[in-house]
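Asks: One rule links them: number in my numbering = place in the sequence shown (from 1) + 39. Where a beta carbon is used, it is the ideal one built from N, C-alpha and C, also for glycine.
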Amino acid sequence: MTEDFTEEEKKGLYKAIYSRRDVRSHFTSRSIDDDILARILNAAHHAPSVGFSQPWNFILIKEMITKKKIKNSFEQEKSRSSKLIEEPKRSKYLSFKLEGILESPINLCVTYDPTKFGPFVIGRTSIPEAGLYSVCCAVQNLWLAARTEGIGLGWVSILSNDALKEVLELPEHVVPIAYLCLGYVDEFAQKPDLETAGWLPRLDLKDVVYFEKWQDTENTEWNQIQEMIKTNLDYA
Ligand SMILES: Cc1cc2nc3c(=O)[nH]c(=O)nc-3n(C[C@H](O)[C@H](O)[C@H](O)COP(=O)(O)O)c2cc1C
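(1) Using only CA atoms, which one of 201, 102, 81, 69 lies nearest to residue 140?
(2) Exposed or buried, residue 106, counting other C-beta atoms within 10 Å across all chains shown (16 or more means buried)?
(3) Could you give the uninterrupted runs of the alpha helix (DSSP H) lying entirely in the region 165-246, keeping only those of 4 residues or more?
(4) When burial is assigned at 16 or more other CB atoms within 10 Å of the CB, is residue 182 buried or exposed?
(5) If I'm right that residue 112 touches residue 196 with Cβ under 8 Å, what's the distance once you round it to whole angstroms?
(6) Could you give the C-beta distance for residue 80 and residue 97, rounded to a whole number, given that I count them as a contact under 8 Å?
(7) Tell me the DSSP secondary structure of residue 91 in three-state form.
(8) At the level of alpha carbons, what is the spacing between residue 220 and residue 164?
(9) Within 10 angstroms of the Cβ of residue 190, are there 16 or more other Cβ atoms? Answer buried if so, exposed if not.
(10) Counting Cβ pairs, one atom from each stretch, are 3 or more of them under 8 Å apart for the region 46-62 and the region 156-163?
(11) Does the separation of the CB atoms of residue 214 and residue 150 fall below 8 Å?
(12) Is any non-hydrogen atom of ligand 1 found closer than 7 Å to the C-beta of residue 197, if you look at the structure I gave you?
(13) Determine the closest residue to residue 94 out of 258, 236, 174, with distance taken between C-alpha atoms.
(14) Leaving out five residues before and five after residue 78 in sequence, what residues of the same chain have Cβ atoms less than 8 Å from its Cβ?
(15) Nearest-angstrom Cα distance between residue 53 and residue 186?
(16) By the three-class DSSP mapping on this structure, what secondary structure does residue 258 have?
(17) Kindly indicate the opening and closing residues of the beta strand (DSSP E) around residue 147.
(18) Distance check for residue 65 and residue 109, CA to CA, integer angstroms please.
(19) Looking only at its chain, what residues have a beta carbon closer than 6 Å to the beta carbon of residue 117, apart from the 5 residues adjacent to it on each side?
(20) Taking 7 Å as the limit between beta carbons, can you name the residues of its chain near residue 69, skipping five residues before and five after?
(21) Report the residue from 126, 249, 135 whose alpha carbon sits nearest the alpha carbon of residue 114.
(22) So the alpha helix (DSSP H) residue 82 belongs to, where does it begin and stop?
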């Protein structure tokens with residue numbers, strides 16, 4: 040597997056990246072075949088991980104009784120968090136559809152187990168969070184693979200980790216990282232829902248790239264790329 044990507048293959052990867060969306064609605068009733076689900080999980084399992092610790096587990100959920108318990112936690116957390124903002128933002132926030140727990144055929148909890156392969160993990164000795172970052176890499180692989188298969192995925196973080204631990208019977212040391220809703224959808228939006236709703240804009244690439252040190256956006260040694268990133272290159 041040393042050969043370069045062809046132009047077509049490159050396009051495919053970028054297409055997956057730019058057209059991936061967080062999906063909370065538009066789920067159809069079509070179920071996900073097990074071979075496709077296995078392929079997506081395998082893509083996640085091939086993510087990078089600190090010290091090759093593979094600290095993830097994937098809990099597949101399709102029982103409605105479990106989904107309803109999780110949805111309950113979502114309702115509670117959404118109401119609690121809405122009290123943290125003032126009107127008119129509060130009403131706007133409350134009007135957003137921020138999960139597809141019951142409508143999506145498959146829910147999936149991705150967890151982090153810091154004890155896998157013992158306490159010494161190469162690369163995790165100085166930054167313990169590197170284990171957690173590895174699980175996020177697995178989620179991103181999963182998200183892109185799902186998009187490539189035409190499957191929508193929505194990440195729900197408006198949940199209580201305590202509730203997740205109880206409902207899914209996680210051991211004390213295992214941390215829920217991502218609760219995901221998966222299913223075929225009849226539409227992938229062109230832009231993030233929160234962008235379309237005017238909640239937040241996508242930042243300009245030129246404003247988030249610094250050269251050599253924090254907040255230096257004009258270092259002359261980097262002239263050429265500064266020109267190139269003046270406009271956002273996505274949706275290209
Ligand atoms: C860690 C994480 C947690 C998220 N939690 C939620 C959530 O609870 N509800 C929701 O509707 N979207 C959630 N999202 C999706 C983001 O809102 C979404 O990624 C962002 O608005 C950009 O849209 P896009 O993913 O379609 O590009 C989450 C995304 C991430 C990465």
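Replies: The answer reads as follows:
(1) Counting from one through the sequence shown, the residue named residue 140 turns up at place 101. Ranking 201, 102, 81, 69 by Cα distance to residue 140 puts 102 first.
(2) Reading the sequence shown from its first residue, position 67 is the one you call residue 106. Residue 106 comes out buried.
(3) Qualifying alpha helix (DSSP H) stretches, in chain order: 169-187, 200-206, 232-235.
(4) For this step, residue 182 is matched to residue 143 along the sequence shown. Looking at its Cβ environment, which holds 16 or more other Cβ atoms inside 10 Å, residue 182 is buried.
(5) On the sequence shown, residue 112 is found 73 positions in, with the first residue counted as 1. On the sequence shown, residue 196 is found 157 positions in, with the first residue counted as 1. The beta-carbon separation of residue 112 and residue 196, rounded to 11 Å, does not stay under the 8 Å limit for a contact.
(6) What you label residue 80 is simply residue 41 of the sequence shown in a count that begins at 1. What you label residue 97 is simply residue 58 of the sequence shown in a count that begins at 1. Their Cβ separation, rounded to whole angstroms, is 6 Å, which keeps residue 80 and residue 97 in contact under 8 Å.
(7) As a position in the sequence shown, residue 91 is number 52, starting the count at 1. In this structure, residue 91 counts as helix in the three-state DSSP scheme.
(8) Taking the sequence shown and counting its residues from 1, one reaches residue 220 at position 181. Taking the sequence shown and counting its residues from 1, one reaches residue 164 at position 125. Taking the straight line joining both Cα atoms gives about 33 Å.
(9) Taking the first residue of the sequence shown as 1, we reach residue 190 at position 151. It is buried - the Cβ of residue 190 has at least 16 other Cβ atoms within 10 Å.
(10) Because the criterion of three Cβ pairs below 8 Å is not met, the region 46-62 and the region 156-163 do not touch.
(11) Along the sequence shown, one-based indexing puts residue 214 at 175. Along the sequence shown, one-based indexing puts residue 150 at 111. Yes, the pair counts as a contact, with Cβ atoms nearer than the cut-off.
(12) On the sequence shown, residue 197 is found 158 positions in, with the first residue counted as 1. Yes, since a heavy atom of ligand 1 falls inside the 7 Å radius drawn around the Cβ of residue 197.
(13) For the purposes of this step, residue 94 is identified with residue 55 of the sequence shown, where counting begins at 1. Per the Cα distances, 174.
(14) Translated into positions along the sequence shown, residue 78 becomes position 39. Taking residue 78 as the centre and dropping the five residues before and after it, the same chain places the C-beta of 184, 188 closer than 8 Å to its C-beta, in chain order.
(15) As a first step, residue 53 is located in the sequence shown; it is residue number 14 there, counting from the start. As a first step, residue 186 is located in the sequence shown; it is residue number 147 there, counting from the start. If I take the Cα positions, the gap works out to 12 Å.
(16) Taking the sequence shown and counting its residues from 1, one reaches residue 258 at position 219. Look at residue 258 here: in three-state DSSP terms it is coil, with no helix or strand label.
(17) Locating residue 147 in the sequence shown gives position 108, counting from the first residue. It spans 145-151 - the beta strand (DSSP E) in which residue 147 sits, taken as one unbroken run.
(18) Your numbering for residue 109 matches position 70 in the sequence shown. Your numbering for residue 65 matches position 26 in the sequence shown. C-alpha separation (whole angstroms): 20 Å.
(19) If you number the sequence shown from 1, residue 117 lands on position 78. Same-chain partners within the cutoff: 197.
(20) One-based indexing of the sequence shown puts residue 69 at position 30. Excluding positions up to five away in sequence, the list reads 223.
(21) Position 75 of the sequence shown, counting from 1, holds the residue named residue 114. When each option's Cα is compared against that of residue 114, the closest is 135.
(22) For the purposes of this step, residue 82 is taken as residue 43 along the sequence shown, with counting starting at 1. First-last of the alpha helix (DSSP H) with residue 82: 73-84.
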